[in-house]
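Asker: In numbering that gives the first Met the number 0, the protein residues as written are 0 to 151.
Structure provided below as C-alpha cells; questions to follow.
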Amino acid sequence: MTEFESWVTAVIRTRYDNVASRLAEKLGMSVSAFLRSSRKGTLSLENLLRLAEETGEPAGQVLRMGGKGALADLIERLFGESSTLKLSGDARILAEQFDALQDARMKRFYQRTLSGLAESEAPPAQTDAPVAAKTGLAPRRTRAKSRTLHRS
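So, in C-alpha cells, the structure goes:
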C-alpha cells in the first residue's frame, strides 16, 4: 500500500466514518472511480486539489502523495507554499470538533483549559546554578520571583 493509499484510507476511516462514498461524493466522483484511481495513483490534478481542499491538507502535500510532485513544485514556485496549518489527524479532528461547538461558554472554557495546559508545559525557569557552583551557595527561590542565595 502506498503512502497516498494509506493516507486516503486513514482519512476515510477517521473523518468519514469508514464510508468512502461520503468522500467520493464531496469530490464529485463515484466511489468506485475514486477508490480505483486512489489505489492506482491516477487521480487528476483537479481531483487531488479538491481532495486537498476537502481534507484541509496542504495542496502541495496531497499532490506529492498523489504522484504529482513536479506540479506541486511548479505551483509553489508560482504561487508560494500552501499556508494551511499542518495538523496531525487527531489534532485536526479536535480542531473540527471545537469549531463545531455551538455553546460560546464551552468554547471559552476549552480555550482557558488549553491555555492553562500550554502554560504548565513551559520550560522551567533558569536558576542561579552557575553562580551557586562558583560560590558554594545553593539557589533559593522566593515568592517575588527573585532568587537569593543561601548556604547549604
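C-beta: ideal position from N, C-alpha, C; glycine also.
(1) Among the residues of its own chain, which have a CB less than 8 Å from the CB of Ser-37, if the five just before and after it don't count?
(2) Using a threshold of 8 Å, state whether the C-beta atoms of Leu-62 and Leu-47 are closer than that.
(3) Cβ of Ala-51 within 8 Å of Cβ of Ile-74?
(4) Compare the beta carbon distance of Thr-41 and Val-10 with 8 Å and say whether it is the shorter of the two.
(5) Note the first and the last residue of the continuous alpha helix (DSSP H) segment covering Asp-16.
(6) Could you say which of Ser-43, Met-0, Asp-102, Lys-106 lies nearest to Leu-26 if we only look at CA atoms?
(7) Within the region 2-81, note down every full alpha helix (DSSP H) run reaching 4 residues or more, in order along the chain.
(8) Rounded to whole angstroms, what is the Cα-Cα separation between Gly-68 and Gly-115?
(9) How many angstroms separate the CA atom of Leu-93 from the CA atom of Tyr-109?
(10) In angstroms with no decimal places, state the Cα-to-Cα distance between Arg-104 and Glu-95.
(11) State the Cα-Cα distance for the pair Arg-14 and Leu-22, rounded to the nearest angstrom.
(12) Rounded C-beta distance between Lys-106 and Leu-113? I'm assuming under 8 Å.
(13) Given 7 Å as the limit, tell me if Met-28 has its C-beta closer than that to any heavy atom belonging to the ligand FAD.
(14) Rounded to the nearest angstrom, what separates Asp-102 and Asp-89 at their Cα positions?
(15) What residues in its chain sit with their C-beta under 6 Å from that of Ser-20, if we drop five residues either side in the sequence?
(16) At the level of alpha carbons, what is the spacing between Val-18 and Leu-77?
Answerer: Reading from the atomic positions:
(1) The residue given as residue 37 occupies position 38 in the sequence shown. Same-chain partners within the cutoff: Phe-3, Glu-4, Val-7.
(2) As a working note, residue 62 is residue 63 in the sequence shown. As a working note, residue 47 is residue 48 in the sequence shown. Against a cut-off of 8 Å, the Cβ pair of Leu-47 and Leu-62 comes out as a contact.
(3) Locating residue 51 in the sequence shown gives position 52, counting from the first residue. Locating residue 74 in the sequence shown gives position 75, counting from the first residue. No.
(4) Here residue 41 refers to the residue found at position 42 when the sequence shown is read from its first residue. Here residue 10 refers to the residue found at position 11 when the sequence shown is read from its first residue. No, these two residues do not count as a Cβ contact at 8 Å.
(5) For the purposes of this step, residue 16 is identified with residue 17 of the sequence shown, where counting begins at 1. Looking at the DSSP string, Asp-16 is not in any alpha helix (DSSP H), and its letter there is neither H nor E.
(6) As a working note, residue 26 is residue 27 in the sequence shown. The shortest C-alpha separation from Leu-26 is found at Ser-43.
(7) 2-14, 19-26, 30-39, 44-54, 58-64, 68-78
(8) On the sequence shown, residue 68 is found 69 positions in, with the first residue counted as 1. On the sequence shown, residue 115 is found 116 positions in, with the first residue counted as 1. Using only the alpha carbons, I get a separation of about 41 Å.
(9) Numbered from 1 along the sequence shown, position 94 holds the residue referred to as residue 93. Numbered from 1 along the sequence shown, position 110 holds the residue referred to as residue 109. Looking at the two C-alpha atoms, the distance is approximately 11 Å.
(10) Translated into positions along the sequence shown, residue 104 becomes position 105. Translated into positions along the sequence shown, residue 95 becomes position 96. The alpha-carbon atoms of Arg-104 and Glu-95 are separated by roughly 17 Å.
(11) Locating residue 14 in the sequence shown gives position 15, where the first residue counts as 1. Locating residue 22 in the sequence shown gives position 23, where the first residue counts as 1. Cα to Cα, Arg-14 sits roughly 9 Å from Leu-22.
(12) Residue numbering aside, residue 106 sits at position 107 when the sequence shown is read from its first letter. Residue numbering aside, residue 113 sits at position 114 when the sequence shown is read from its first letter. Not a contact, Cβ separation roughly 11 Å.
(13) Only the bare structure without any ligand can be found here, which leaves the ligand FAD out of the picture.
(14) Residue mapping note: residue 102 aligns to position 103 of the sequence shown, counting from 1. Residue mapping note: residue 89 aligns to position 90 of the sequence shown, counting from 1. Roughly 22 Å separates the two Cα atoms.
(15) As a first step, residue 20 is located in the sequence shown; it is residue number 21 there, counting from the start. Closer than 6 Å at the Cβ level, and outside the excluded window around Ser-20, lie Val-30.
(16) Reading the sequence shown from its first residue, position 19 is the one you call residue 18. Reading the sequence shown from its first residue, position 78 is the one you call residue 77. Rounded to whole angstroms, Val-18 to Leu-77 spans 36 Å at the Cα level.
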